[in-house]
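Novice: These protein sequence lines map, in sequence, to chains A and B.
For the first sequence, counting from 1, position 101 maps to 100 in numbering that gives the first Met the number 0; every step adds exactly one.
For the second sequence, counting from 1, position 16 maps to 15 in numbering that gives the first Met the number 0; every step adds exactly one.
Glycine included, every Cβ here is placed at the ideal spot set by N, Cα and C.
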Amino acid sequence: MNKEDIPPITSDIYIILSCYNEEKTLEDVVTGLVQRGFKVIIVDDGSRDKSPIIARQLVKRYAPMVYHYRHIINVGLGGAIKTGIKAALSKGADIMITFDADGQHNPDDLYNMYPPLQEGKADVVIAARDFDDMPTGRRFGNTVMNYITYIFQGSMVTDSQSGLRAFTNSASRKLNLKSPQYGVSSEIIGEIKRNNLKLLEVPMTTIYDDRTIQKGTNTMVGIKIVLEFINETLKR
Amino acid sequence: MLTYQIILLLISIIGIALGFHRYRNDSFSTVVFTLWMIVWFAVITITLFPQLTTVVAQLFGLGRGLDSIYIISIIFLFYIVFKLYNKMEKQKKRINDLVSELALKDNEEE
Numbered sequence: 000m001n002k003e004d005i006p007p008i009t010s011d012i013y014i015i016l017s018c019y020n021e022e023k024t025l026e027d028v029v030t031g032l033v034q035r036g037f038k039v040i041i042v043d044d045g046s047r048d049k050s051p052i053i054a055r056q057l058v059k060r061y062a063p064m065v066y067h068y069r070h071i072i073n074v075g076l077g078g079a080i081k082t083g084i085k086a087a088l089s090k091g092a093d094i095m096i097t098f099d100a101d102g103q104h105n106p107d108d109l110y111n112m113y114p115p116l117q118e119g120k121a122d123v124v125i126a127a128r129d130f131d132d133m134p135t136g137r138r139f140g141n142t143v144m145n146y147i148t149y150i151f152q153g154s155m156v157t158d159s160q161s162g163l164r165a166f167t168n169s170a171s172r173k174l175n176l177k178s179p180q181y182g183v184s185s186e187i188i189g190e191i192k193r194n195n196l197k198l199l200e201v202p203m204t205t206i207y208d209d210r211t212i213q214k215g216t217n218t219m220v221g222i223k224i225v226l227e228f229i230n231e232t233l234k235r
Numbered sequence: 000m001l002t003y004q005i006i007l008l009l010i011s012i013i014g015i016a017l018g019f020h021r022y023r024n025d026s027f028s029t030v031v032f033t034l035w036m037i038v039w040f041a042v043i044t045i046t047l048f049p050q051l052t053t054v055v056a057q058l059f060g061l062g063r064g065l066d067s068i069y070i071i072s073i074i075f076l077f078y079i080v081f082k083l084y085n086k087m088e089k090q091k092k093r094i095n096d097l098v099s100e101l102a103l104k105d106n107e108e109e
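1. Is Leu101 (chain B) helix, strand or coil when you go by DSSP?
2. Using only the alpha-carbon positions, how far apart do Val156 (chain A) and Gln117 (chain A) sit?
3. Could you check which residue in A:Asn20, A:Leu57, A:Val58 has the C-alpha nearest to that of Ser46 (chain A)?
4. For a contact defined as C-beta to C-beta under 8 Å, what are the partners of Leu99 (chain B) on chain A?
5. If I measure Cβ to Cβ from Asp108 (chain A) and keep anything under 7 Å in the same chain, skipping five residues before and after, which residues do I get?
6. Which same chain residues end up closer than 6 Å to Tyr288 (chain A) when comparing Cβ atoms and leaving out the 5 residues on each side of it in sequence?
7. Closer than 9 Å between beta carbons: that is the criterion. Which residues of the stretch 159-181 of chain A meet it against chain B?
8. When you compare only the Cα positions, how much space is there between Lys91 (chain B) and Arg63 (chain B)?
9. Within the continuous alpha helix (DSSP H) that includes His20 (chain B), where are the two ends?
10. Could you have a look at Ile40 (chain A) and say whether DSSP puts it in helix, strand or coil?
11. Do Lys81 (chain A) and Leu196 (chain A) count as a contact pair if the criterion is CB distance below 9 Å?
12. Give the secondary structure of Asp99 (chain A) by DSSP, where H, G and I count as helix, E and B as strand, and everything else as coil.
13. Residue range of the beta strand (DSSP E) that Pro51 (chain A) falls in?
14. I'd like to know if Asn20 (chain A) contacts chain B, where contact means its C-beta is closer than 9 Å to some C-beta of that chain.
15. Look at Ile15 (chain B) and Phe48 (chain B) and say whether their C-beta atoms are less than 9 Å apart.
16. Please say whether Met112 (chain A) and Val201 (chain A) have beta carbons closer to each other than 9 Å?
17. Does the distance from the C-beta atom of Ile90 (chain A) to that of Asp11 (chain A) stay below 9 Å?
18. What is the rounded straight-line gap between the Cα of Glu22 (chain A) and the Cα of Asp44 (chain A)?
19. Which ranges does the beta strand (DSSP E) cover as unbroken runs of at least 3 residues, wholly within the stretch 141-173 of chain A, from first to last along the chain?
20. Quick one: what does DSSP say Met112 (chain A) is sitting in, helix, strand or coil?
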């Protein structure tokens, strides 16, 4: 993207980077975000590799752009996002964007995400992956997850499991997230609907390599999400 | 007295002793302690007077006394498993909240 095409950042934007054993990619991802002018909140979800050491180095190198929060034990994606939102709110963030630390997301996609929030056109922006670019198994899994999200959360979206989501300060305060793990993605879709938040979906580019394919939502995770939802539904 | 009666009586006495011990250590609440005692005294009563089960069985229209014990035990166990599951979930949530709070607090102090 040309420099003059980059939409100006007129608000306080924090990237919530949930990180679990990402020593290989953490530095590059954080550097890419800081170079683009974003503040980064690293939520280390109980990593057992060198991620916390790298994170502390990054905090020093890029002060005051990078912050590091560490869960002493692994909670899960949902827990990391919750901690990240709380941290961003305590820093007075106007906009917060969840981002994966595994290098799957392209930081240039962020340029599509914050302008609608800055201009007040939406409360939440979710970047949807192009399902045609996915490996067949992945495409099938994500389509199933979209329907599961629709059944349990009552809302049909293009990409319910997207990890790239942007919230305004007031929208993030309204989210009542219970799922400590991967179920959080669908739960956020449900919370957007329950709180009548204005959702905008924008396209994103996905980088698929062998590593990210191994890490993402696989069938077992999918089944766990369904069980979690059934359990939540029964408790209501 | 038959062998199974002696074994069951011994187990019950151990159960009651354990209950008292836990209650004194504060690891049993009064409610749990009471339930625990009711269960073991019921076991002792049934062991000493096995014919009582036939009365219960007839009450529910079952053939044998032993069947009523099986069914009641299974229902009771399911209930306990359900209770334990909910408790575990609640604890998990409490731990998650604690971990999150600790992370936020640590950062403030840095």
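Specialist: According to the structure shown:
1. In the second sequence, counting from the first residue as 1, residue 101 (chain B) sits at position 102. In this structure, Leu101 (chain B) counts as helix in the three-state DSSP scheme.
2. Taking the first sequence and counting its residues from 1, one reaches residue 156 (chain A) at position 157. Taking the first sequence and counting its residues from 1, one reaches residue 117 (chain A) at position 118. Cα-Cα distance, rounded: 22 Å.
3. By 1-based counting over the first sequence, the position of residue 46 (chain A) is 47. A:Asn20 is the residue among A:Asn20, A:Leu57, A:Val58 whose C-alpha sits nearest the C-alpha of Ser46 (chain A).
4. The count along the second sequence starts at 1 and reaches residue 99 (chain B) at position 100. The residue you asked about is not Leu; residue 99 (chain B) is Ser in the sequence shown. Result: His70, Val74, Gly78, Lys81, Thr82, Lys85.
5. Locating residue 108 (chain A) in the first sequence gives position 109, counting from the first residue. Same-chain partners within the cutoff: Ala126, Leu163, Met203, Thr204.
6. As shown, chain A starts at 0 and ends at 235. That puts residue 288 (chain A) outside it, with no answer to give.
7. Lys177, Pro179
8. Here the question's residue 91 (chain B) lines up with position 92 in the second sequence. Here the question's residue 63 (chain B) lines up with position 64 in the second sequence. Approximately 43 Å between the Cα atoms of the pair.
9. Here the question's residue 20 (chain B) lines up with position 21 in the second sequence. Where His20 (chain B) is concerned, the enclosing alpha helix (DSSP H) stretches over 2-23.
10. Your numbering for residue 40 (chain A) matches position 41 in the first sequence. If DSSP states are grouped into helix, strand and coil, Ile40 (chain A) belongs with the strands.
11. Against the first sequence, residue 196 (chain A) aligns to sequence position 197. Against the first sequence, residue 81 (chain A) aligns to sequence position 82. It is not a contact, given that the beta carbons lie outside the stated cut-off.
12. The count along the first sequence starts at 1 and reaches residue 99 (chain A) at position 100. Asp99 (chain A): strand per DSSP, three-state reduction.
13. Along the first sequence, one-based indexing puts residue 51 (chain A) at 52. First-last for Pro51 (chain A): 50-60, but that is the alpha helix (DSSP H), not the beta strand (DSSP E).
14. Position 21 of the first sequence, counted from the start, is the residue given in the question as residue 20 (chain A). Not closer than 9 Å to any Cβ of chain B, the Cβ of Asn20 (chain A) fails to qualify, so no.
15. As a position in the second sequence, residue 15 (chain B) is number 16, starting the count at 1. As a position in the second sequence, residue 48 (chain B) is number 49, starting the count at 1. Not in contact: Ile15 (chain B) and Phe48 (chain B) (Cβ atoms no closer than 9 Å).
16. Mapped onto the first sequence, residue 201 (chain A) falls at position 202. Mapped onto the first sequence, residue 112 (chain A) falls at position 113. Taking a C-beta distance under 9 Å as the contact criterion, Val201 (chain A) and Met112 (chain A) qualify as a contact pair.
17. Counting from one through the first sequence, the residue named residue 90 (chain A) turns up at place 91. Counting from one through the first sequence, the residue named residue 11 (chain A) turns up at place 12. Note that residue 90 (chain A) is Lys in the sequence shown, not Ile. The answer is yes: Cβ separation under 9 Å.
18. In the first sequence, counting from the first residue as 1, residue 22 (chain A) sits at position 23. In the first sequence, counting from the first residue as 1, residue 44 (chain A) sits at position 45. Using only the alpha carbons, I get a separation of about 13 Å.
19. Runs of the beta strand (DSSP E) inside the stretch 141-173 of chain A: 164-167.
20. Here the question's residue 112 (chain A) lines up with position 113 in the first sequence. Three-state DSSP puts Met112 (chain A) in coil, outside helix and strand.
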